[in-house]
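Each protein sequence line maps, in turn, to chains A and B. Each residue of the first sequence is one higher than the last, beginning at 1 in the working numbering. Each residue of the second sequence is one higher than the last, beginning at 203 in the working numbering. Below is one structure, written out as structure tokens; the observations come after it.
Protein chains: 2
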Amino acid sequence: MQNASTAKGRATQARIVEGAAEVLREQGVSFTTLDDIRARANASKSQLFHYFPGGKDELLLAVAQWEADRVLADQQPHLGSLDSWESWGRWRDAVVERYERQGDQCPLGALFLQVGRSTPGARAIVTELMRQWQKQLADGMRALQAGGLVSPGFDVERCSAALLAGIQGGVSIMMSTGDSTHLKAALDNGIEQLRESARRLA
Amino acid sequence: MQNASTAKGRATQARIVEGAAEVLREQGVSFTTLDDIRARANASKSQLFHYFPGGKDELLLAVAQWEADRVLADQQPHLGSLDSWESWGRWRDAVVERYERQGDQCPLGALFLQVGRSTPGARAIVTELMRQWQKQLADGMRALQAGGLVSPGFDVERCSAALLAGIQGGVSIMMSTGDSTHLKAALDNGIEQLRESARRLA
DNA sequence: CCTTGAGTGGACTGATGAGTCCACTTTAGT
DNA sequence: ACTAAAGTGGACTCATCAGTCCACTCAAGG
């Protein structure tokens with residue numbers, strides 16, 4: 001990605017990425033052309049290739065990174081401070097709300113499929129997102145343990161991985177079926193497991 | 203889908219669907235052309251359109267249905283008789299094995315994204331698959347309850363939904379990162395929850 | 001003011017790939 | 001055997017779209 005060196009250039013580059021993200025959410029990757037993006041971003045063909053010399057793939061990757069950054073940001077401040085039952089509850093609601101609002105768009109999943117598993121860049125973005133996400137869940141579980149709210153024997157690694165998997169699956173089922181039942185079940189089930197461990201502690 | 207009326211015709215039609223499924227798994231939907239499919243299936247362009255007058259979309263949908271049928275079939279006979287701890291364990295291993303072997307191909311997910319959320323057919327296939335899958339998990343959980351192995355208070359609906367979500371998410375994380383940790387965590391966590399409920403019963 | 005390079009517009013090209021068409025062959029029923 | 005319908009081959013068309021190219025404008029530093 002060719003970085004812009006003037007304010008005007010940076011603005012154009014940002015307009016392209018954000019415009020592209022919009023169009024991609026609306027139409028899906030496979031139905032979006034560079035010309036759609038160009039139109040939405042009020043840019044010209046040459047600007048696209050000026051800032052993303054690698055062409056469509058490079059632009060798509062930039063959009064994927066941009067979307068990935070939003071995923072965690074949208075869960076804050078809740079995700080960052082999961083140290084009480086109330087904060088877990090607020091986080092749960094924030095996740096449900098975010099994905100129900102997003103509806104049947106899965107920018108990241110779609111982008112990933114298009115750019116292809118082969119490209120190392122795409123895989124790195126997703127891997128890093130998952131790593132950070134799970135770490136924050138695990139930190140939250142350990143915070144409950146530290147506060148004496150959850151048994152010290154609670155398997156944080158396994159449960160945080162399972163919870164993350166449940167969220168991903170819940171979201172992808174919702175994409176396909178339009179129904180958020182599974183997402184809610186995964187979240188509630190994860191939290192219920194924590195509470196169960198608290199009850200056994202008492 | 204125009205159904206064939208002779209044995210030869212049926213053979214050709216089957217060759218097309220299965221050949222298409224193969225190529226799609228290998229190359230991914232967005233990099234597969236009708237010509238790739240035609241070549242693999244030893245068919246000609248006119249045959250493709252003879253049996254799938256709706257063109258590529260219709261063919262893709264037929265492949266999606268074919269893949270969906272395999273998903274549950276591949277988990278049998280285990281999935282159909284989850285009435286003991288041993289059968290749950292065998293099923294768990296079968297799922298992990300199947301998806302690890304499949305690697306980073308997600309025929310169904312990719313197909314769905316390509317055909318598009320808008321088409322009612324695609325959505326129906328996924329919805330029905332999820333419904334059946336969850337039902338079999340729930341049946342298994344109730345079988346354990348009936349056998350006195352799991353507490354009657356165990357929330358079968360929520361847990362089967364969460365387990366299904368965990369599997370889906372585990373698989374999709376594995377697609378993106380190449381790592382099956384999350385899938386295993388989701389499965390083991392679900393089964394562990396059942397066992398926990400058994401311990402409380404004792 | 002002039003120069004330099006970043007930034008911009010949009011016409012053009014070339015490849016690709018979905019879908020059409022028609023001539024030909026095979027199959028099955030009478 | 002005859003014939004009608006089913007099945008088959010593959011050349012051809014036509015639209016689309018990523019990517020190129022070049023002429024132009026603008027802003028900043030000297």
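Glycine is no exception: its CB is placed at the ideal position from the N, C-alpha and C atoms.
(1) Name the residue from A:Glu67, A:Asp69 and A:Arg92 whose alpha carbon lies nearest to the alpha carbon of Leu79 of chain A.
(2) Buried or exposed: which applies to Ser399 of chain B, given that a residue is buried once 16 or more other Cβ atoms fall within 10 Å of its Cβ?
(3) Under 9 Å, Cβ to Cβ, is there at least one residue of chain A near Gly323 of chain B?
(4) Can you find a CB in chain A that lies within less than 9 Å of the CB of Gly392 of chain B?
(5) For Leu226 of chain A and Ser151 of chain A, which I take to be in contact (beta-carbon distance under 8 Å), what is that distance rounded to the nearest angstrom?
(6) Quick one: is Gly291 of chain B near chain A, going by C-beta distance under 9 Å?
(7) Enumerate in chain order the residues of its own chain whose CB-to-CB distance from Leu407 of chain B is below 8 Å, with the five nearest sequence positions on each side excluded.
(8) What does Phe314 of chain B reach in chain A if we use C-beta pairs closer than 7 Å?
(9) Quick check: the Cα distance between Thr329 of chain B and Ala312 of chain B, rounded to an integer number of angstroms?
(10) Tell me whether Ala41 of chain A sits in a helix, a strand or coil according to DSSP, three-state version.
(11) Measuring CB atoms only, is the region 91 to 106 of chain A touching the region 168 to 187 of chain A, in the sense that at least three cross pairs come out at less than 8 Å?
(12) Which of the three DSSP states is assigned to Ala4 of chain A in this structure?
(13) Could you compute how far the alpha carbon of Gly55 of chain A sits from the alpha carbon of Glu67 of chain A?
(14) Rank A:Asp179, A:Arg158, A:Trp133 and A:Gln47 by C-alpha distance to the C-alpha of Arg325 of chain B and give the top, closest one.
(15) Are the CB atoms of Asp36 of chain A and Gln27 of chain A nearer to each other than 9 Å?
(16) Please state the DSSP three-state secondary structure of Cys159 of chain A.
(17) Please list, in chain order, the chain B residues whose beta carbon lies closer than 7 Å to that of Thr208 of chain A.
(18) Might you give, ordered along the chain, the residues of its own chain that have their beta carbon closer than 8 Å to the beta carbon of Lys386 of chain B, omitting 5 neighbours on each side?
(19) Can you have a look at Glu58 of chain A and say buried or exposed, based on whether 16 or more other CB atoms are within 10 angstroms of its CB?
(20) Can you look up Val150 of chain A in the DSSP assignment and give me helix, strand or coil?
(21) What residues in its chain sit with their C-beta under 7 Å from that of Arg38 of chain A, if we drop five residues either side in the sequence?
If we stick to the structure as given:
(1) A:Arg92
(2) So Ser399 of chain B counts as buried.
(3) no
(4) yes
(5) One cannot answer for residue 226 of chain A here, as it falls past the ends of chain A, which runs 1 to 202.
(6) no
(7) Since the displayed chain B opens at 203 and closes at 404, residue 407 of chain B lies outside it and no answer follows.
(8) Ser176
(9) Their backbone Cα atoms lie some 16 Å apart in a straight line.
(10) coil
(11) Under the Cβ criterion (8 Å, minimum of three pairs), the region 91 to 106 of chain A counts as touching the region 168 to 187 of chain A.
(12) In this structure, DSSP gives Ala4 of chain A a state outside helix and strand, which the three-state scheme calls coil.
(13) Going by the C-alpha atoms only, they are around 19 Å apart.
(14) Taking Arg325 of chain B as reference, the option from A:Asp179, A:Arg158, A:Trp133 and A:Gln47 with the minimal CA-CA separation is A:Asp179.
(15) yes
(16) helix
(17) There is simply no residue 208 of chain A to check, as chain A begins at 1 and stops at 202 in what is shown.
(18) Val298 and Gly372
(19) buried
(20) coil
(21) In the same chain as Arg38 of chain A, and ignoring 5 residues on each side of it, the C-beta atoms closer than 7 Å to its own belong to Ser44, Lys45 and Leu48, in chain order.
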